[in-house]
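Line by line, the protein sequences are chains P and A.
For the first sequence, our numbering gives the first residue as 1, with consecutive numbering after it.
For the second sequence, our numbering gives the first residue as 1001, with consecutive numbering after it.
We put the beta carbon where it would ideally sit given N, CA and C, even for glycine.
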Amino acid sequence: MTTLNSRVPKGDSLANKWSNYKEHINLVNPANKRNIDIIVVGTGLAGGSAAATLAELGYNVKAFCYQDSPRRAHSIAAQGGINAAKNYQGDGDSNYRLFYDTVKGGDYRSREANVYRLAEVSGNIIDQCVAQGVPFARDYGGLLDNRSFGGVLVSRTFYAKGQTGQQLLLGAYSAMNRQIARGKITMHNRHEMLDVVKIDGKARGIIARNLITGEIERHSAHAVVIASGGYGNVYFLSTNAMGSNATAAWKIHKKGAYFANPCYTQIHPTCIPRSGDYQSKLTLMSESLRNDGRIWVPKNMDDVMAIREGRKKPTDLSEEERDYYLERRYPAFGNLVPRDVASRAAKERCDAGYGVNATGEAVYLDFKSAIQRYGKEQAKLHHITNPSKEKVIELGTAIIEAKYGNLFQMYEKIVAENPYKTPMMIYPATHYTMGGVWVDYNLMTTVEGLYCIGEANFSDHGANRLGASALMQGLADGYFVLPYTIGDYLADDIRTGEISTKTTEFDAAEKSVKEQLDFFINNKGTHSVDYYHKKLGKIMWEKCGMARNKKGLEEAIQEIQEVREDFWKHVKVPGSLNEFNQELEKAGRVADFLELGELFAKDALNREESCGGHFREEHVTEDGEAKRDDVNFAYVSAWEYTGKPSEAVLHKEELEFKDIELKTRSYK
Amino acid sequence: MNLTLKIWRQKDANDKGKLVKYKVTDISEHMSFLEMMDVLNEQLVNSGDEPVAFDHDCREGICGMCSMYINGQAHGPDRGITTCQLHMRMFNDGDTIYIEPFRANAFPVIKDLVVDRTAFERIQQSGGFISVNTSGNTQDANAIPIAKSAADEAMDAATCIGCGACVATCKNSSAMLFVSAKVSQYALLPQGQVEATDRVMNMVAQMDAEGFGNCTNTGACEVECPKGISLTNIARMNREYLKATSKG
């Protein structure tokens, strides 16, 4: 085991580190940038913004995505908003507060200097997006509007209805389109990266499969950037897109990039509960709903049973018969506690038997109070004295509709119930992965010239991500961090010239990719890829989900190994190599999840504490809250691949907190 | 419920293609349409047949990837949704469901129900952007107030997901709703004014070059659009186009 160097600049106060560092790193002159190629894999907020910015700077960018357009990357599905320390509301926000909230929200397991930098550039992101024509919500004076998200006491979240991710991604996509038109980005749609190519220890290219023709292609570059998102689909069921996968991240891990904190995953508290075994994915209901929605279950078990059996409706229960358990347990933050806390609280109530649907895994998210409140306010604004009950509801409903209309519509289409009239049912689901490829302050992995940005890396959210911070981090990395730090590395490459793809390293990488694909097509096994993916997902959810313990994790490791062995013996992939073959695409992705899942469990087993999204049942306080162990675990676990997940070697990056005092996180 | 499916199967772009009949049984009314397709594909894989290729990704109606033409309607028999949000409760036991790809000359079939929509990409590349570099020193986001009504209207146009249902639905295979949504978003905002003339001219030229038809004001696109993009946007684009051409 070695200690990792994070390359955080020494000296300087936290507030000055990034600006000083930027002023002193190497630059590449504009004429030389024309001779340098950069590969960007993934075109979500991180990859899209990086590709556009690098091309604007003058580099030749080769961008890849598995979808038919960069605009479809899963960042598009982010609903609620993006944080920025603009303090437009004058409620006392500042870079420091955003930094502080993020470190605290991450349960003191993120890298302090990275988080401060994130807060520092957050304001620029909003400026940039507005300049691109992103239609953020505005107030009647024409200025930008804000809302609140969990885990903070200010309003700093900018939003575009419930489609903030879509609008930000379309902004980055438009910036990419401008560069594609100029020929500075070569866009490879419907392509999947299947391996990275290293030459003399440096990342110099990738092997990609053209998903339409099946052709295996070689692409070279002076640096490679991985922006392929998170690994939430290791659970099979998640709020990720069906195609979201860890293959790019896992392949680079196998080629020398350390993988950090895989056990830090976010189970999002407000998702639509599952309804049956056929289910293919889960749908998120934005955290922004917790601004106005109140979460509850019945106080009395009789009412729970009556509701489950259809004898009572939730609207029949009086205020006294409801247990607003978040408001009860966490009076200071109430319904706006961070996601990990809200999820565990829902699990606690459901485990205790108070779940409100047939599966016993659902709680209510109720807008009745908000409709009343807004209705009365509107009546006053419209000079309606003594409004009728119906009028108040009508006016209040209109406000809720304006704020969350598309989310309510989405819910109604899936569940076939009207959430304006009856409370929504929600339950936690896998949503985001804080863990990922280890990167230093420059966002470079442990492989030279290989970078990792956005959700695919690990650094900014610690053990738990606050709402509206993923969009911020993706765009910060892509627009404002990587374009600077990558120049420092590429400054040494100005005389290298074009990288040839006719080398033994490319030969070897292509050969191993082809061998794996050949194996799948020729195996002619007995079970479909999904069969194995579902098996893995079940193990992950039951034993590496919202609560974990030693016994379960040990079992998980064993069971995943068994599933993986069976997969390689009996998986069945129809069709052929040189065609559009979706089963073949899935097979490669699931093969990687089957390895990642084991490392995940191993990491969770190693981390003998509870922090953020990682909750070990052995480590709790007397009142059932997570119990961190700063003496023994204030480090990043970065795993080195040595041939098998079970033999991965642990490296530690000790976390230093100079500007922040480590405290027990309390939202009470 | 038990259903008969008649699905368009086409090996690749050069194949002629045909409708093939399949049966699925015990389909729950709570399933989404694509989950029903998953059941069919699992069945096909297990029996040694090739599964049906179809585009899908987010499965929550926002990525714009899914693109089926179901019983003669883009995204099937419900309004304001994409195929992935369509639920089986919209169908009855014993129904026969026809499933085809989005059809238009500018959307060639890649395989089965998967079509090539890169024509949309080239239209966006021809002008669907505001030319502003990332610098970190653009003016403050609140420097120019924008009327809430304009911002909201721009947002309504900007919600287009680029799925292509408008093209598939239009008897002329016109892409006017898609193109006008982007033109409108920028036309409604002060940031978009500087390049307004070039934008509309270039995007319309590219749209024509891709072989999309023209608009004859039928309005079917608006009805089938999963995001409710309004026909008003087409009127606005025509106005922008007229303004641009009359400037000379």
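{"query": "Just list the residues that DSSP pairs A/Q1073 with in beta bridges.", "result": "A/I1070"}
{"query": "Using alpha carbons as the reference points, say which of P/V41, P/K184 and P/E412 lies closest to P/I226.", "result": "P/V41"}
{"query": "Give me the chain P residues within the contact set of A/L1034, using Cβ-Cβ distance strictly less than 8 Å, ordered along the chain.", "result": "S280"}
{"query": "Counting contacts by CB-CB distance shorter than 8 Å, is A/S1028 in contact with chain P?", "result": "yes"}
{"query": "Taking 8 Å as the threshold (beta carbon to beta carbon), is P/E542 in contact with chain A?", "result": "no"}
{"query": "Quick check on P/K62: does DSSP put it in helix, strand or coil?", "result": "strand"}
{"query": "Can A/F1054 and A/M1037 be called in contact, C-beta distance under 8 Å?", "result": "yes"}
{"query": "Classify P/Y140: buried if its beta carbon has 16 or more other beta carbons within 10 angstroms, exposed otherwise.", "result": "exposed"}
{"query": "Nearest chain P C-beta to A/I970 closer than 8 Å, yes or no?", "result": "Lying before the first or after the last residue shown, residue 970 of chain A is absent from chain A, which here runs from 1001 to 1248."}
{"query": "Could you pull the start and end residues of the beta strand (DSSP E) that P/R204 belongs to?", "result": "K202 to N210"}
{"query": "For P/A638, report the span of its beta strand (DSSP E) as first-last.", "result": "Y635 to E640"}
{"query": "One question on the structure: do P/Q409 and P/V392 come within less than 8 Å of each other, judged by their Cβ atoms?", "result": "no"}
{"query": "Does DSSP put P/I557 in a helix, in a strand, or in coil?", "result": "helix"}
{"query": "Taking 8 Å as the threshold (C-beta atoms), are P/Y635 and P/K658 in contact?", "result": "no"}
{"query": "Quick check: the segment 50-64 of chain P against the segment 1121-1139 of chain A, are at least 3 beta-carbon pairs closer than 8 Å?", "result": "yes"}
{"query": "Could you list which residues in chain P have their beta carbon closer than 7 Å to that of A/Q1125, in chain order?", "result": "N177, I180 and A181"}
{"query": "Kindly indicate the opening and closing residues of the beta strand (DSSP E) around P/L144.", "result": "It is not in any beta strand (DSSP E) - P/L144 carries neither H nor E in the DSSP assignment."}
{"query": "Assuming A/E1100 and A/Y1069 are in contact, meaning their beta carbons sit under 8 Å apart, how far apart are those beta carbons, in whole angstroms?", "result": "4 Å"}
{"query": "Confirm, please, whether the CB-CB distance from P/V529 to P/E595 is below 8 Å.", "result": "no"}
{"query": "The beta strand (DSSP E) with A/M1036 in it runs from where to where?", "result": "Taken as a continuous stretch (DSSP letters only), A/M1036 belongs to no beta strand (DSSP E), being part of the alpha helix (DSSP H) at F1033 to N1046."}
{"query": "I'd like to know whether the C-beta of P/P135 is nearer than 8 Å to at least one C-beta of chain A.", "result": "yes"}
{"query": "Could you work out which residues of chain P lie near A/E957, taking near to mean beta carbons separated by less than 8 Å?", "result": "Residue 957 of chain A is absent from the structure shown; chain A starts at 1001 and stops at 1248."}
{"query": "Any Cβ of chain P within less than 8 Å of the Cβ of A/I1081?", "result": "yes"}
{"query": "Three or more C-beta pairs closer than 8 Å, one from the segment 448-463 of chain P and one from the segment 346-358 of chain P: is that the case here?", "result": "no"}
{"query": "Between the beta-carbon of P/A175 and the beta-carbon of A/F1129, is there less than 8 Å?", "result": "yes"}
{"query": "Taking only three categories from DSSP, how would you classify P/F600?", "result": "helix"}
{"query": "Compare the beta carbon distance of P/S94 and P/N83 with 8 Å and say whether it is the shorter of the two.", "result": "no"}
{"query": "With a threshold of 8 Å between beta carbons, is A/P1145 in contact with chain P?", "result": "yes"}
{"query": "From the DSSP secondary-structure annotation, give me the bridge partner or partners of P/A260.", "result": "P/G436 and P/A638"}
{"query": "Runs of 4 residues minimum, wholly inside the segment 570-625 of chain P: which ones carry the alpha helix (DSSP H) assignment?", "result": "582-606"}
{"query": "Using a Cβ-Cβ cutoff of less than 7 Å, which residues in the same chain neighbour P/R665 once the five nearest sequence positions on both sides are dropped?", "result": "K104 and D107"}
{"query": "Do P/L536 and P/V513 have their CB atoms nearer than 8 Å?", "result": "no"}
{"query": "Which residues in the same chain as P/R628 place their Cβ atom closer than 6 Å to its Cβ, once the five residues preceding and following it in sequence are excluded?", "result": "E609 and C611"}
{"query": "Please list the partners that P/H74 has in chain A, where partner means a Cβ-to-Cβ separation under 8 Å.", "result": "D1057, C1058 and C1063"}
{"query": "Please confirm whether A/G1136 has its beta-carbon closer than 8 Å to some beta-carbon of chain P.", "result": "yes"}
{"query": "Among residues of its own chain, excluding the 5 on either side of P/G449, which ones have a beta-carbon nearer than 6 Å to its beta-carbon?", "result": "K202, A203 and A223"}
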